[in-house]
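Protein chains in written order, with the working numbering: chain A, 2 to 169; chain B, 6 to 145; chain C, 4 to 132.
C-beta: ideal position from N, C-alpha, C; glycine also.
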Amino acid sequence: MMIAVVALARVRNLFAVIVLFGLYSFLTATVMVALDAVDVAMTEAAVGAGISTVLLLAALRLCHSEEEKPVHKPWLPLAVTIGTGLVLVYGTWDLPPFSDPEAPIHTHVAPRYLEDGPRETGVPNVVTAVLASYRGFDTLGETTVVFTAAIGVIALLGRRRHVRRGKQ
Amino acid sequence: MKNDMILRVVGKLFIPFILLFALYVQFHGDFGPGGGFQAGAIVAAAMVFYAMIYGLSTARRVLPDWLVESMIAAGLLLYLGVGFAGLYAGGNFLDYFVLDADPVEGQHRGIFWIELGVAITVCGVLLKIYYLFAQRGQDR
Amino acid sequence: MNFFSHYDYWVMLFLAMSGLFIVIARGNLIKKLVGLAILQTSVYLLYLAPGKIVGGTAPIVDAAFTVYSNPLPQVLILTAIVVGVATLALGLALVVRIREEYGTIEEDEILRLDADPADQPSGPPEAQR
Numbered sequence: 002m003m004i005a006v007v008a009l010a011r012v013r014n015l016f017a018v019i020v021l022f023g024l025y026s027f028l029t030a031t032v033m034v035a036l037d038a039v040d041v042a043m044t045e046a047a048v049g050a051g052i053s054t055v056l057l058l059a060a061l062r063l064c065h066s067e068e069e070k071p072v073h074k075p076w077l078p079l080a081v082t083i084g085t086g087l088v089l090v091y092g093t094w095d096l097p098p099f100s101d102p103e104a105p106i107h108t109h110v111a112p113r114y115l116e117d118g119p120r121e122t123g124v125p126n127v128v129t130a131v132l133a134s135y136r137g138f139d140t141l142g143e144t145t146v147v148f149t150a151a152i153g154v155i156a157l158l159g160r161r162r163h164v165r166r167g168k169q
Numbered sequence: 006m007k008n009d010m011i012l013r014v015v016g017k018l019f020i021p022f023i024l025l026f027a028l029y030v031q032f033h034g035d036f037g038p039g040g041g042f043q044a045g046a047i048v049a050a051a052m053v054f055y056a057m058i059y060g061l062s063t064a065r066r067v068l069p070d071w072l073v074e075s076m077i078a079a080g081l082l083l084y085l086g087v088g089f090a091g092l093y094a095g096g097n098f099l100d101y102f103v104l105d106a107d108p109v110e111g112q113h114r115g116i117f118w119i120e121l122g123v124a125i126t127v128c129g130v131l132l133k134i135y136y137l138f139a140q141r142g143q144d145r
Numbered sequence: 004m005n006f007f008s009h010y011d012y013w014v015m016l017f018l019a020m021s022g023l024f025i026v027i028a029r030g031n032l033i034k035k036l037v038g039l040a041i042l043q044t045s046v047y048l049l050y051l052a053p054g055k056i057v058g059g060t061a062p063i064v065d066a067a068f069t070v071y072s073n074p075l076p077q078v079l080i081l082t083a084i085v086v087g088v089a090t091l092a093l094g095l096a097l098v099v100r101i102r103e104e105y106g107t108i109e110e111d112e113i114l115r116l117d118a119d120p121a122d123q124p125s126g127p128p129e130a131q132r
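Given below as structure tokens:
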């Protein structure tokens with residue numbers, strides 16, 4: 002995945018960029034399966050690698066732009082990025098190590114969901130139970146966000162294009 | 006692309022199975038990975054596949070614009086309706102256990118309807134966005 | 004603390020910084036959006052990695068398993084993925100409109116067109132006859 006991202010940053014042909022992004026999404030979905038997040042992996046594969054790639058290709062075709070122009074030397078952004086990365090690495094020093102059962106993330110409210118969830122909701126898939134029942138309000142907000150994004154895209158692209166005649 | 010025989014045959018073979026798989030994912034979200042979002046995205050992907058092979062106007066005859074636009078709103082209204090049904094039945098907003106005499110059965114019912122609402126909205130949104138992008142390309 | 008206990012965070016940070024680099028250093032709008040999507044995906048991994056217990060299984064309760072991975076981060080990230088694709092679609096719609104108005108999707112050309120008052124955008128170049 003790191004190789005895909007570095008290649009993505011360097012390649013200038015936009016079609017290749019989009020294909021590399023689809024590849025990166027699929028690799029992310031595979032990593033998520035390895036991390037036992039099967040619902041999330043299915044969503045990432047369907048939405049990230051499928052729909053996002055299709056929308057990017059459609060937008061690319063509408064923009065008629067195949068190549069990115071050459072850039073100025075990226076020393077300042079590189080320095081900023083590496084500096085931020087180093088500060089964040091310092092920040093991860095204190096985080097709990099990988100797969101530590103005593104980490105706060107596992108001792109707060111998750112055991113209660115795992116133990117009482119199937120009994121209270123009758124649904125063995127705890128992720129669906131939490132998403133739809135315990136945290137149903139958040140899912141309502143998310144559906145509203147998706148709806149609003151659709152309204153926004155309709156507002157932007159819904160009108161038929163008029164052929165422009167010179168300056169307005 | 007509808008003159009390409011491989012794409013046509015493969016499309017006709019695959020699209021019903023993709024839709025069937027989407028229904029499986031939707032209804033088995035309780036027992037395995039799945040749920041509303043994944044099912045909506047898979048149905049939208051199948052319809053986008055169909056629209057790419059057979060053309061946008063043919064896809065518009067199968068799922069016309071008014072249907073897709075109402076799907077976007079209908080899913081959200083269904084979700085809100087389940088929430089308000091919890092209010093009318095005596096609980097708080099989005100309470101499921103009051104929807105039936107047996108609280109666990111009420112949970113099942115509530116989860117079923119809101120997952121359906123989410124799937125309808127997500128499918129409608131993704132499909133409408135694709136329609137808009139493709140139609141823009143035709144106007145140029 | 005050795006290398007293997009924290010390297011999942013460092014991989015995620017490398018991906019996030021690459022996404023950030025693409026957003027700030029590249030001028031093409033579509034590439035910037037792709038960089039933003041990469042940044043979002045790396046944050047998903049940041050949330051999911053601590054939830055994993057080695058030797059556990061996916062959080063679908065079954066009589067055969069006793070150790071499960073944490074379901075809570077997965078719920079958050081499920082929402083985040085769908086919101087991410089919604090914002091990507093909105094961003095792409097904006098890029099398409101910018102292309103129609105300014106005739107280009109390179110950032111420096113758009114800034115130049117905006118800064119020059121005599122050269123206001125008036126549609127794609129081929130319509131200006």
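Item, Value
"So that I know if they touch, is there some Cβ in chain A lying closer than 7 Å to that of Val-130 of chain B?", "yes"
"Do the stretch 146-162 of chain A and the stretch 15-33 of chain B make contact, defined as three or more Cβ pairs closer than 8 Å?", "no"
"Using the Cβ count rule (16 or more neighbours within 10 Å means buried), how would you classify Glu-120 of chain B?", "buried"
"Exposed or buried, which one is Leu-158 of chain A when buried takes at least 16 other CB atoms within 10 Å?", "buried"
"Can you tell me the Cα-Cα spacing of Thr-54 of chain A and Ile-19 of chain A, whole angstroms?", "7 Å"
"Is the Cβ of Gln-31 of chain B closer than 7 Å to any Cβ of chain A?", "no"
"Looking at chain C, which residues of the stretch 108-130 of chain A have a Cβ within less than 8 Å of any of its Cβ atoms?", "Val-110, Ala-111, Tyr-114, Leu-115, Gly-118, Pro-119, Pro-125, Asn-126, Val-127, Val-128"
"Suppose you measure from the CA of Pro-125 of chain A to the CA of Gly-118 of chain A; what does that come to, to the nearest Å?", "8 Å"
"Could you work out which residues of chain B lie near Glu-51 of chain C, taking near to mean beta carbons separated by less than 9 Å?", "Strictly speaking, residue 51 of chain C in this sequence is Leu, with Glu absent from that position. Near Leu-51 of chain C there are no residues of chain B at all, since even the closest Cβ is about 14 Å away, more than 9 Å."
"Along chain A, in chain order, which residues have C-beta atoms closer than 7 Å to that of Asp-117 of chain C?", "Per Cβ cutoff of 7 Å: no residues; Asp-117 of chain C is ~16 Å from chain A at best."
"Measuring only between beta-carbons, confirm whether Phe-17 of chain C sits less than 7 Å from chain A.", "yes"
"Just reading off the alpha helix (DSSP H) that Phe-42 of chain B is part of, what are its end residues?", "41-59"
"So, at 6 Å on beta carbons, what are the nonlocal neighbours of Ala-64 of chain B in its own chain, with the 5 sequence-adjacent residues on each side left out?", "Tyr-55, Ala-56"
"Quick check on the burial criterion: 16 or more other C-beta atoms within 10 angstroms. Buried or exposed for Ala-118 of chain C?", "exposed"
"Please confirm if Tyr-12 of chain C has its CB atom under 7 Å from at least one CB of chain A.", "yes"
"Below 8 Å on the Cβ atoms is my contact criterion, and I expect Leu-132 of chain B with Met-10 of chain B to pass it. Report the Cβ-Cβ distance as a whole number of Å.", "That belief does not hold up - the Cβ atoms of Leu-132 of chain B and Met-10 of chain B are roughly 26 Å apart, past 8 Å."
"Using a Cβ cut-off of 7 Å (strictly closer), state whether Phe-42 of chain B contacts chain C.", "yes"
"Give the DSSP-derived three-state secondary structure of Pro-71 of chain C in the structure shown.", "For clarity, residue 71 of chain C is Tyr in the given sequence; the question names Pro instead. Tyr-71 of chain C: strand per DSSP, three-state reduction."
"Is Glu-109 of chain C helix, strand or coil by DSSP?", "strand"
"Does the stretch 13-21 of chain C come within contact of the stretch 42-59 of chain C, defined as at least 3 CB pairs closer than 8 Å?", "yes"
"To which residues does DSSP link Ile-63 of chain C through a beta bridge?", "A:Asn-126"
"Three or more beta-carbon pairs under 8 Å between the stretch 37-54 of chain A and the stretch 55-71 of chain C, yes or no?", "yes"
"Candidates C:Tyr-71, C:Gly-106, C:Asp-11: which alpha carbon is nearest His-65 of chain A's?", "C:Gly-106"
"Between the stretch 46-73 of chain C and chain B, which residues of the former have a C-beta closer than 8 Å to a C-beta of the latter?", "Ala-61, Ile-63"
"To the nearest angstrom, how far is it from the Cα of Ala-92 of chain C to the Cα of Val-78 of chain C?", "22 Å"
"Mapping the DSSP letters down to three states, classify Glu-67 of chain A as helix, strand or coil.", "coil"
"Going along chain A, which residues have a C-beta under 8 Å from Pro-138 of chain B?", "It should be pointed out that residue 138 of chain B corresponds to Phe in this sequence rather than to Pro. Near Phe-138 of chain B (Cβ distances below 8 Å), the residues of chain A are Leu-56, Ala-59, Ala-60, Leu-63, Leu-158."
"Find out if the Cβ-Cβ distance for the pair Pro-78 of chain A, Ile-113 of chain C is shorter than 7 Å.", "no"
"Take Gly-33 of chain A and list the residues in its own chain whose beta-carbon comes closer than 7 Å to its own, dropping the five residues that flank it on each side.", "Position check: residue 33 of chain A holds Met in this sequence, whereas Gly was assumed. Cβ neighbours of Met-33 of chain A beyond the five flanking positions: Val-41, Ala-42, Glu-45."
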